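J.: Chains as they are written, first to last, in the UniProt record's numbering: chain Y, 1 to 287; chain F, 1 to 287; chain V, 1 to 287; chain G, 1 to 287; chain P, 1 to 287; chain L, 1 to 287. By construction, the Cβ of each residue, glycine as well, lies at the ideal position given by its N, Cα and C atoms. Predicted model, so just to flag it, every value in this text is computed and none were measured. So that we are looking at the same thing, I have put the structure below in structure tokens.
There are 6 protein chains.
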Amino acid sequence: MFYHDKKLQYKVRVEKPNPQFARALQQAIGGIEGEIRVCLQYLFQAWNSRGPQRYRDMLLDTGTEEMAHIEMLVTAVALNLEGASSGLVDEIIGNNTMMKEVMGGMDPRHFLSGGLGAMAADANGVPFNGSWVVSSGNIAADMYANVMAESTGRVLATRLYELTDDAGMKDMLSFLIARDTMHQNQWLAVLEELGHGDMRNVHPIPNSFPQDKEAKEFSYVFVNTNVDPDEPSIGQNRRWTQGQSIDGKSQFREEKAKPYGQEPKLGPPAAEGHAQVEQLQQAGEKV
Amino acid sequence: MFYHDKKLQYKVRVEKPNPQFARALQQAIGGIEGEIRVCLQYLFQAWNSRGPQRYRDMLLDTGTEEMAHIEMLVTAVALNLEGASSGLVDEIIGNNTMMKEVMGGMDPRHFLSGGLGAMAADANGVPFNGSWVVSSGNIAADMYANVMAESTGRVLATRLYELTDDAGMKDMLSFLIARDTMHQNQWLAVLEELGHGDMRNVHPIPNSFPQDKEAKEFSYVFVNTNVDPDEPSIGQNRRWTQGQSIDGKSQFREEKAKPYGQEPKLGPPAAEGHAQVEQLQQAGEKV
Amino acid sequence: MFYHDKKLQYKVRVEKPNPQFARALQQAIGGIEGEIRVCLQYLFQAWNSRGPQRYRDMLLDTGTEEMAHIEMLVTAVALNLEGASSGLVDEIIGNNTMMKEVMGGMDPRHFLSGGLGAMAADANGVPFNGSWVVSSGNIAADMYANVMAESTGRVLATRLYELTDDAGMKDMLSFLIARDTMHQNQWLAVLEELGHGDMRNVHPIPNSFPQDKEAKEFSYVFVNTNVDPDEPSIGQNRRWTQGQSIDGKSQFREEKAKPYGQEPKLGPPAAEGHAQVEQLQQAGEKV
Amino acid sequence: MFYHDKKLQYKVRVEKPNPQFARALQQAIGGIEGEIRVCLQYLFQAWNSRGPQRYRDMLLDTGTEEMAHIEMLVTAVALNLEGASSGLVDEIIGNNTMMKEVMGGMDPRHFLSGGLGAMAADANGVPFNGSWVVSSGNIAADMYANVMAESTGRVLATRLYELTDDAGMKDMLSFLIARDTMHQNQWLAVLEELGHGDMRNVHPIPNSFPQDKEAKEFSYVFVNTNVDPDEPSIGQNRRWTQGQSIDGKSQFREEKAKPYGQEPKLGPPAAEGHAQVEQLQQAGEKV
Amino acid sequence: MFYHDKKLQYKVRVEKPNPQFARALQQAIGGIEGEIRVCLQYLFQAWNSRGPQRYRDMLLDTGTEEMAHIEMLVTAVALNLEGASSGLVDEIIGNNTMMKEVMGGMDPRHFLSGGLGAMAADANGVPFNGSWVVSSGNIAADMYANVMAESTGRVLATRLYELTDDAGMKDMLSFLIARDTMHQNQWLAVLEELGHGDMRNVHPIPNSFPQDKEAKEFSYVFVNTNVDPDEPSIGQNRRWTQGQSIDGKSQFREEKAKPYGQEPKLGPPAAEGHAQVEQLQQAGEKV
Amino acid sequence: MFYHDKKLQYKVRVEKPNPQFARALQQAIGGIEGEIRVCLQYLFQAWNSRGPQRYRDMLLDTGTEEMAHIEMLVTAVALNLEGASSGLVDEIIGNNTMMKEVMGGMDPRHFLSGGLGAMAADANGVPFNGSWVVSSGNIAADMYANVMAESTGRVLATRLYELTDDAGMKDMLSFLIARDTMHQNQWLAVLEELGHGDMRNVHPIPNSFPQDKEAKEFSYVFVNTNVDPDEPSIGQNRRWTQGQSIDGKSQFREEKAKPYGQEPKLGPPAAEGHAQVEQLQQAGEKV
């Protein structure tokens with residue numbers, strides 16, 4: 001079963017809200033390359049697993065971690081949308097040429113349906129589709145599906161990195177890119193155990209993104225999200241927790257999951273989004 | 001962020017596998033009334049929340065709990081599918097009249113795509129659709145969406161209860177029905193705080209299901225899934241953790257989340273499902 | 001069965017066409033919060049109803065009214081699109097900076113697929129999806145689904161109201177917002193009959209929209225769309241046709257459906273949309 | 001705008017409920033060949049019409065008629081499902097071999113989600129999709145879309161006719177098949193006015209269904225659903241209301257819409273479907 | 001079975017890349033009026049055909065031709081996207097007012113998911129949907145579906161023609177519009193054989209597009225894509241290969257399929273799209 | 001561009017029609033693991049390719065081959081459906097207990113919508129979805145997507161193999177399984193060129209299917225579908241046309257595409273499917 005705390009896995013900071021970038025970030029939430037897909041994919045593979053147990057455990061650990069990534073990205077969308085609705089009003093009503101340009105590519109449903117919140121959809125507002133969740137019953141096929149998901153996912157993250165010069169967003173993405181590096185490696189580690197030989201030079205995909213831009217301290221660490229005090233989950237001898245990484249670029253290590261970010265703080269609801277009166281009045285309250 | 005252990009929130013036991021019932025259970029996983037929807041809905045509402053904070057916290061607690069319900073149901077599907085593929089082979093090849101009857105309504109993708117595993121889809125194999133995740137930015141509209149989801153969800157669970165006489169499945173469903181009772185009550189508690197008056201007689205929906213068939217010890221308890229040791233999460237004065245329940249039938253109480261079930265144990269892969277050789281050989285291994 | 005006349009339920013007037021606003025209006029037609037959904041939802045609930053009869057009758061009356069709302073909104077989209085295609089041509093070809101700004105957020109399919117007409121889709125062009133039509137067989141669950149639909153629907157309508165300063169569009173929306181007020185109240189009236197207590201203070205959702213901006217003469221009137229001369233449909237003693245409204249803000253009354261609007265008049269097809277020659281020649285003809 | 005009465009356009013009678021046939025009928029409700037599609041397609045074409053007016057009027061008349069067809073088919077599904085859930089319980093639990101055979105092909109969501117009611121979905125439970133609603137802005141393209149819809153629709157209806165020997169269902173289908181004959185003819189009449197020459201020998205599609213099995217008194221009558229007393233809607237000189245039909249097989253005539261069926265009467269909710277207690281108690285009440 | 005060469009059926013040239021036009025072109029690839037739909041529709045009708053054989057052969061020929069149209073349009077999208085990502089970066093980051101205007105309507109997934117490549121989706125990014133592939137088993141119904149598809153398809157192509165002043169794009173579209181003219185005629189020829197009379201004046205739909213703008217040398221030629229040297233495929237007496245065209249505007253003729261275009265040459269990957277290093281290094285290599 | 005002949009790539013023979021197996025085969029046509037997906041995926045990757053050219057060429061060759069696989073499978077579905085509709089009539093009408101058992105799991109749309117023809121949908125009738133077509137612009141990510149598609153595809157094919165004892169179907173599947181072996185190897189060959197090391201032991205996935213059951217003469221041959229006489233397409237030095245296969249189990253070789261099967265011959269339309277009269281009369285005609 002599952003637990004949470006209120007802090008983010010890594011800090012999410014937006015220096016200057018940008019509703020166009022919020023739209024682009026949706027691809028990483030509800031798109032086929034996004035985090036809802038990998039979260040459900042790893043968890044369904046774990047829950048459907050018929051052995052051996054170490055793969056089930058590993059999938060559970062990482063599926064749980066991906067929940068925290070969805071959380072970070074939804075927070076990033078919400079922060080990037082702050083102020084967007086007044087700009088959208090200006091744009092559509094036509095009083096404000098400058099805002100029009102800024103707002104041109106916003107997803108209108110971020111305001112209309114979400115009241116400045118994220119959706120379970122991609123960058124075009126196309127809903128997340130459960131057909132993308134691959135759990136085939138064949139561990140090698142599943143691992144290829146996972147390497148593929150982390151490869152297209154990391155490609156997406158590096159493109160998002162290119163689309164922003166907001167230092168906060170670049171920082172968040174450097175963390176997510178690093179985690180994709182690790183996740184590619186850990187699925188490859190299973191393939192190695194299943195008989196694959198050397199796979200060192202292609203990864204991490206894309207190999208054209210300079211690794212010194214990723215948050216390297218997180219690039220080769222297996223995050224263990226298991227909180228059972230009776231479970232000797234740290235320190236077991238696993239291919240993905242020690243020894244050389246599969247891409248040959250570093251050493252694996254393992255770490256108990258803990259938040260590096262803080263509890264997120266969103267601004268109050270926008271008046272034009274018509275939250276309830278009580279929300280507008282109590283938005284700043286701590287309880 | 002999120003954590004897990006390897007045990008189920010409540011025990012999942014199948015006395016006699018039934019692949020038709022596995023198909024029906026899919027509606028509670030990936031259908032519009034199902035657990036993926038409520039899980040994502042509560043978490044998106046929490047993550048998009050712009051205050052007050054107590055609602056965000058509550059949504060996080062319960063969204064996290066719903067993850068454990070998906071886990072229970074996927075486990076139940078997998079257990080109900082054991083032995084199904086050999087029956088399906090017999091049925092389609094046509095050697096075995098008796099099995100044909102048993103297998104008549106099975107979802108063929110449970111074997112073809114899942115290798116006897118669950119999918120992110122409904123009872124007809126229609127994939128989960130992200131459009132069902134409602135997070136409107138208006139807390140009252142969201143709470144109505146949540147009461148509605150728990151009402152159609154509890155109606156579904158009671159219909160599933162009628163569709164089985166497997167004692168293990170009835171036990172699991174009595175737990176899920178009880179949790180739906182609580183969840184209806186807790187969203188109503190928010191509406192009460194927002195100014196709603198008395199709402200006691202309609203709930204829990206459906207009111208035609210005898211509450212002595214639900215696992216009553218879980219029907220009015222708020223499950224706190226927060227594991228932050230620094231967080232005084234238990235014992236705060238909340239409308240949904242103490243006092244009379246909104247349906248007037250009991251008293252609310254609060255409990256730290258803990259597993260009442262065990263780690264799930266699925267059978268080995270079926271030979272005809274063509275897992276990798278290594279899976280077939282190592283299925284029973286503990287590592 | 002069903003009948004029509006050629007007039008609109010309420011007047012639809014656009015002072016200055018705005019294709020961006022046309023796109024936003026699509027959410028109220030084919031989005032999950034939109035009128036196709038409530039129309040089909042109320043009608044399926046009526047047609048599937050197994051008693052008592054007064055709820056079936058009421059659902060039929062209001063489901064029929066929602067048809068007229070789709071009609072109004074499609075007309076509004078078509079009127080807002082007039083002139084849009086020449087602007088789009090200018091924008092994409094790049095001769096006209098000013099038009100480019102106006103057209104920036106237009107849905108390209110309004111021209112490409114619709115020839116300046118509305119679609120059965122949302123503000124992002126995602127098609128209407130029949131999975132949103134809830135008819136559960138449990139009247140209380142259905143009523144919560146209906147309150148939820150009218151709550152998110154009214155939130156959407158108030159946000160659309162904020163997005164325009166066109167007096168015609170504001171007038172149309174003030175009518176639709178008023179009808180949502182009534183519809184919230186009438187579904188709550190069923191819940192009251194089923195045993196719910198006082199529900200007066202939360203509604204209409206959102207409570208942050210000033211009710212003096214809605215067309216108040218329509219906010220608490222049950223519109224009876226039944227035209228059977230043998231049917232004593234007006235004047236029956238129903239909770240939703242007389243007495244205090246559930247939100248405590250007014251008195252219910254009942255009215256036979258009649259058009260307050262006129263027959264809609266759209267402009268001729270745009271040359272660049274390539275209607276048939278006969279359409280271009282005969283567009284203004286009365287027959 | 002729109003009106004209704006409580007009677008069906010044509011009688012719907014089921015001699016022996018058959019849940020497998022209920023599933024097949026769903027294709028005619030929410031499938032791509034079904035009535036929701038033509039209803040919305042004709043209405044969107046009418047509402048988006050930019051002239052000449054006679055086509056808009058005609059589309060409104062027939063779009064309104066299609067609403068009544070959805071109503072008839074939903075009623076037919078609900079009647080065919082009576083008793084189905086107890087059979088389904090027996091089937092899945094496994095006590096009853098005979099019922100198992102009868103129930104083998106039932107849609108489980110008819111019970112699980114609908115409580116023995118119809119859905120906005122096709123025969124496989126795939127939801128209705130708004131992308132099927134064609135309104136192109138070109139009247140000739142639209143008319144071909146309409147002929148095509150009525151051709152695949154009539155093919156479907158004749159196949160459903162072959163799938164039943166229930167006299168009530170055959171009678172209902174003979175009416176719907178006749179209406180499809182007329183609708184093919186009336187869209188062809190528009191094409192004739194637009195310059196098409198002789199189109200007499202192919203229609204009605206399929207031409208392999210003996211027309212003496214359709215309810216011939218309805219096969220060439222234009223049903224005028226306009227109830228405006230000020231509108232001279234009957235008796236106007238239209239190609240589709242008088243003269244030889246386009247298929248050369250009869251003469252067109254026109255009729256004011258009126259119900260040939262009665263108010264539908266469904267049985268009470270099934271106990272195992274868990275309607276509210278009040279529904280079960282009051283199901284037979286007339287109010 | 002199927003074969004290919006590396007050249008395009010007709011030349012595809014873009015004078016000035018325009019990512020907004022790339023988005024519009026997507027409708028002709030993955031939209032309901034697009035080429036994936038007609039390609040699969042004609043091939044499924046051929047493969048499912050139960051005679052007579054000449055229709056199966058014809059459907060195979062033209063379904064195969066449509067593959068080449070998808071290829072042309074994907075090439076056109078890729079060429080129109082060249083340079084788009086640096087513009088998008090500028091736009092979202094906000095350094096470049098001019099580019100912002102140019103890029104306003106780009107599909108963000110063309111960069112995020114495709115790395116400046118086309119997708120199997122429509123102009124709003126909504127994925128191609130297999131439900132649009134009509135193969136009914138009734139040849140007349142299928143032919144109406146095909147005429148309808150080519151009618152809405154040709155309407156779309158003429159609208160795209162209006163949206164560009166790029167001479168290369170206009171040239172490509174003049175070819176596709178001509179092929180739609182032929183395809184409308186050839187499906188009508190089947191209807192004529194099935195008993196339809198004169199259909200000459202309505203077509204090609206839309207009749208408001210001047211035929212001297214289409215590539216007339218391709219407007220009435222049946223393209224025979226069969227390469228079997230043993231097959232007397234050219235010169236058979238078919239209604240669609242000789243004699244007057246159905247629209248009465250020209251004479252049919254037949255031609256063996258051959259490429260009029262060259263092998264496409266796309267530019268190298270954009271640095272910010274993060275292809276693999278090897279792709280960036282070897283992009284210009286001939287092997 | 002593309003060409004065809006009328007023969008199948010490999011023979012398709014059905015000894016005894018089995019409509020349940022027809023339903024299962026749909027997963028290999030329109031499911032996420034199916035041939036429409038790989039066909040479009042490889043072709044979009046080719047068309048969007050920005051170099052080097054040898055990968056584009058290879059993707060074109062194999063994407064074209066996949067068209068022939070869809071054709072084989074659609075033919076197999078149509079052959080398995082022969083006689084199905086009369087059985088379905090018996091089943092639903094209820095005269096025939098034995099047929100009922102045979103038909104229990106048939107897809108009703110195979111009759112209702114297809115008239116005994118295949119659809120662009122999966123084994124549950126869920127339509128093919130264009131979102132599955134991965135073309136990322138990163139060659140390594142794309143190759144992983146392709147290995148994954150061929151792995152889940154081959155897993156599916158081996159499960160279908162287990163579901164039939166029809167010698168014709170087993171023969172067809174042994175060919176398709178062999179081609180999946182080759183296709184896994186050829187995408188791995190690209191990864192090897194990009195720097196991957198040894199990958200020999202895991203493949204072909206699943207490794208639990210005995211390779212002596214696949215049509216081994218096709219398991220390591222690159223099928224060159226290019227028919228351009230000017231193109232030296234055979235005999236070029238490519239990693240996937242000569243040398244040891246990547247899985248270490250054989251040697252690669254290359255072959256010009258040619259049909260090993262014959263022109264398919266389906267039976268005439270079933271009377272109850274209501275094809276046109278002309279189809280029923282002329283079904284056996286060679287022209």
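Could you spell out where the beta strand (DSSP E) holding V:Y220 opens and where it closes?
T.: Run containing V:Y220: none; DSSP gives neither H nor E here.
J.: For F:K286, is the classification buried or exposed, using 16 other Cβ atoms within 10 angstroms of its Cβ as the cut-off for buried?
T.: So F:K286 ends up on the exposed side.
J.: Note down, in chain order, every chain G residue with its Cβ under 7 Å from the Cβ of F:N207.
T.: Q276 and V277, listed in chain order.
J.: Could you give the DSSP three-state label for Y:M103: helix, strand or coil?
T.: Confidence at Y:M103 is low in this model, with a pLDDT of 41, below 50, so the placement of that residue is unreliable and no value is reported for it.
J.: Would you verify that the beta carbon of F:Q211 is, or is not, closer than 7 Å to some beta carbon of chain G?
T.: Cβ-Cβ to chain G under 7 Å: no for F:Q211.
J.: Where does V:D61 land, buried or exposed, given buried means 16+ other C-beta within 10 angstroms?
T.: V:D61 should be labelled buried.
J.: Checking contacts by CB at 7 Å: is F:Y3 closer than that to chain Y?
T.: Yes - at least one Cβ of chain Y is within 7 Å of the one on F:Y3.
J.: Would you kindly work out how many angstroms separate the C-alpha atoms of V:Q173 and G:R179, rounded to a whole number?
T.: Note on residue identity: the sequence assigns Leu, not Gln, to residue 173 of chain V. C-alpha separation (whole angstroms): 37 Å.
J.: Determine whether the beta carbon atoms of G:A22 and G:N80 lie at a separation below 7 Å.
T.: Cβ distance < 7 Å, so G:A22 and G:N80 count as in contact.
J.: One question on the structure: do Y:L116 and V:L156 come within less than 7 Å of each other, judged by their Cβ atoms?
T.: No, the Cβ-Cβ distance between Y:L116 and V:L156 is not below 7 Å.
J.: Return no unless some Cβ of chain Y is closer than 7 Å to the Cβ of P:G34.
T.: No, P:G34 does not count as interfacial toward chain Y.
J.: What residue range does the alpha helix (DSSP H) around V:Y144 cover?
T.: Start and end: I139 to E162.
J.: Rounded to whole angstroms, what is the Cα-Cα separation between F:Q244 and V:T152?
T.: The alpha-carbon atoms of F:Q244 and V:T152 are separated by roughly 29 Å.
J.: Run the CB neighbour count on V:K6, radius 10 Å, all protein chains shown included, and call it buried at 16 or more, exposed below.
T.: That one is buried.
J.: How many Å lie between Y:D171 and Y:A215 at the Cα?
T.: Rounded to whole angstroms, Y:D171 to Y:A215 spans 8 Å at the Cα level.
J.: For G:N237, count neighbouring C-beta atoms within 10 Å of its own C-beta (all shown protein chains included) and say buried if the count is 16 or more, exposed if not.
T.: By the neighbour-count rule (16 or more Cβ atoms within 10 Å), G:N237 is not buried but exposed.
J.: Could you give the residue range of the beta strand (DSSP E) that holds G:K256?
T.: Note, G:K256: beta strand (DSSP E), R253 to K256.
J.: Taking Cβ positions only, does L:D165 come closer than 7 Å to chain F?
T.: Yes, its Cβ sits closer than 7 Å to a Cβ of chain F.
J.: At the 7 Å Cβ level, is Y:R109 part of the contact set with chain V, yes or no?
T.: Judged by the 7 Å Cβ criterion, Y:R109 is in contact with chain V.
J.: Quick one, which of V:D57, V:E35 and V:E65 has its alpha-carbon nearest V:V190's?
T.: That would be V:D57, whose Cα lies nearest to the Cα of V:V190.
J.: To the nearest angstrom, how far is it from the Cα of V:P210 to the Cα of Y:E272?
T.: Cα-Cα distance, rounded: 12 Å.
J.: In the DSSP assignment, the beta strand (DSSP E) including V:F2 goes from what residue to what residue?
T.: V:F2 -> beta strand (DSSP E) spans F2 to H4.
J.: Flag G:E162 as yes if its beta-carbon sits less than 7 Å from any beta-carbon of chain L, otherwise no.
T.: Yes - at least one Cβ of chain L is within 7 Å of the one on G:E162.
J.: Given V:L73, which residues of its chain have a CB within under 7 Å of its CB, disregarding the five upstream and five downstream residues?
T.: Taken in chain order, the residues that qualify are L25, A28, I29 and E35.
J.: List the residues of chain F whose Cβ lies closer than 8 Å to the Cβ of L:Q27, in chain order.
T.: Per Cβ cutoff of 8 Å: P108, R109, L112 and S113.
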